[in-house]
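**Q** Those letters in the sequence shown? Residues 1 to 207, per the working numbering, in order.
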Amino acid sequence: MVTLGSSIDVSGVIDRIAISGTMKTENIGIEKVIANIISNPNIRYLIICGAEVHGHLAGDAFLAIHRSGIDEKNRIIGASGAIPFISNLSSKEVERFREQVEIIDLVNVEDMGQIKQAIDACAPKEPFPAEPMVVALGKAAQADEGSDTILTPEAVSIESRLRILEQEMKDLGKLNKFMSGIVSGIWQGLTSGFVATLLIFAIRRFL
């Protein structure tokens, strides 16, 4: 599942999807996703959801490459993005992707209920009848780590646990501040009481 420019919480469906992640570019981003998919013949569906990325139009480009492939100059046929060129995949690898998966178009959809319905509608299929294709992406694609994020179910599960732990740490910090305030107030009260007692004792002594 590709979430384009949106960070969608997929923890509720993580046991039903193979990979999940954002994709913000219409070239290297698409190459990374395709490379992951064709390396696993068990992946037969690809849900494209989340907010479209302005300028790049990554969702539009992904739908276009699945629909029409690439031309002799490696340009995605029919794509409207700024630089819809595939530099690190061969036409054979692109065709394998087109044959292997069925695309579910939910571009600009962020509602998890609607996304779950789309997942439910994906009828089980046999693995694609071919060996995995392992693609070594070029240096430019490997260096561009910040644009797109592809997560396995295990990674999403860890990320979800880290978010919970982070929230628990924040709550613990608030509790510590609250308790520190109480202790500080008690100590301040005791100190003030002790000083007041000394003053009263001193006054009575000189009267």
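Quick reminder that beta carbons are idealized off the backbone N, C-alpha and C, glycines included. Just so we're clear, the structure is a prediction, and the values are computed from it rather than from any experiment.
Spatial neighbours of D15 within its chain, please: CB distance less than 6 Å, with the 5 preceding and 5 following residues excluded, ordered by chain position.
**A** For this step, residue 15 is matched to residue 15 along the sequence shown. Excluding positions up to five away in sequence, the list is empty.
**Q** By a C-beta neighbour count over all protein chains shown, 10 Å radius and 16 as the cutoff for buried, is H56 buried or exposed?
**A** As a first step, residue 56 must be located in the sequence shown, where it is residue number 56. When all chains shown are included, H56 counts as buried.
**Q** Going by DSSP, what residue range makes up the alpha helix (DSSP H) through G59?
**A** For the purposes of this step, residue 59 is taken as the residue at position 59 of the sequence shown. Per DSSP, G59 belongs to the alpha helix (DSSP H) from 58-68.
**Q** Between the segment 96-112 and the segment 33-51, do at least 3 Cβ pairs fall closer than 8 Å?
**A** Enough Cβ pairs lie closer than 8 Å, so yes.
**Q** Report all residues from its chain with a CB closer than 6 Å to the CB of I65; omit the five preceding and five following residues, and keep chain order.
**A** Counting from one through the sequence shown, the residue named residue 65 turns up at place 65. Closer than 6 Å at the Cβ level, and outside the excluded window around I65, lie I76.
**Q** With three or more beta-carbon pairs closer than 8 Å as the criterion, would you say the segment 92-100 touches the segment 3-10?
**A** Flag = no, the segment 92-100 and the segment 3-10 do not touch.
**Q** Flag this pair as yes or no: are the beta carbons of G21 and K116 separated by less than 9 Å?
**A** Numbered from its first residue, the sequence shown carries residue 21 at position 21. Numbered from its first residue, the sequence shown carries residue 116 at position 116. No, Cβ-Cβ distance for G21 and K116 is not below 9 Å.
**Q** Any chance you could list the beta strand (DSSP E) runs of at least 3 consecutive residues sitting entirely within the segment 76-125, in chain order?
**A** Entirely contained in the segment 76-125, the beta strand (DSSP E) runs reaching 3 residues are, in chain order, 102-107.
**Q** Tell me, which residues are paired with G50 by DSSP?
**A** As a working mapping, residue 50 is identified with position 50 in the sequence shown. G50 pairs with V107.
**Q** Determine, using beta-carbon pairs with one atom in the segment 129-138 and one in the segment 27-39, whether at least three such pairs fall under 8 Å.
**A** Yes, since at least three Cβ pairs between the segment 129-138 and the segment 27-39 fall closer than 8 Å, the two stretches touch.
**Q** Measure from the alpha carbon of L89 to the alpha carbon of each residue in E31, K24, E126, then state which is nearest.
**A** The residue labelled residue 89 in the question sits at position 89 within the sequence shown. Out of E31, K24, E126, E31 has the C-alpha closest to the C-alpha of L89.
**Q** What did DSSP end up calling V13 once you bin it into helix, strand or coil?
**A** For the purposes of this step, residue 13 is taken as residue 13 along the sequence shown, with counting starting at 1. V13 falls in the helix class under three-state DSSP.
**Q** List the endpoints of the continuous beta strand (DSSP E) containing G21.
**A** Along the sequence shown, one-based indexing puts residue 21 at 21. First-last of the beta strand (DSSP E) with G21: 20-22.
**Q** Rounded to the nearest angstrom, what separates G113 and C122 at their Cα positions?
**A** Position 113 of the sequence shown, counted from the start, is the residue given in the question as residue 113. Position 122 of the sequence shown, counted from the start, is the residue given in the question as residue 122. C-alpha separation (whole angstroms): 15 Å.
**Q** Hey, E110 and A61 are a contact pair by Cβ (cut 8 Å); roughly how many whole angstroms apart?
**A** The residue labelled residue 110 in the question sits at position 110 within the sequence shown. The residue labelled residue 61 in the question sits at position 61 within the sequence shown. That pair is no contact at about 19 Å.
**Q** Mark A42 as exposed unless 16 or more other C-beta atoms lie within 10 angstroms of its C-beta, in which case mark it buried.
**A** By 1-based counting over the sequence shown, the position of residue 42 is 42. The amino acid at residue 42 is misidentified as Ala; the sequence shows Asn. That one is exposed.
**Q** Got a sec? Which residues, its chain only, sit under 7 Å from V101 by beta carbon, not counting five neighbours each side?
**A** Walking along the sequence shown from the start, residue 101 turns up at place 101. Excluding sequence neighbours, V101 sits near I37, I43, R44, Y45, L46.
**Q** I'd like the list of long-range same chain contacts for T152, defined as Cβ closer than 7 Å, with 5 residues on each side in sequence excluded.
**A** For the purposes of this step, residue 152 is identified with residue 152 of the sequence shown, where counting begins at 1. Bear in mind that a pLDDT of 48 at T152, under 50, signals an unreliable position, so the number given afterwards is only what the model happens to contain. Excluding positions up to five away in sequence, the list reads I19.
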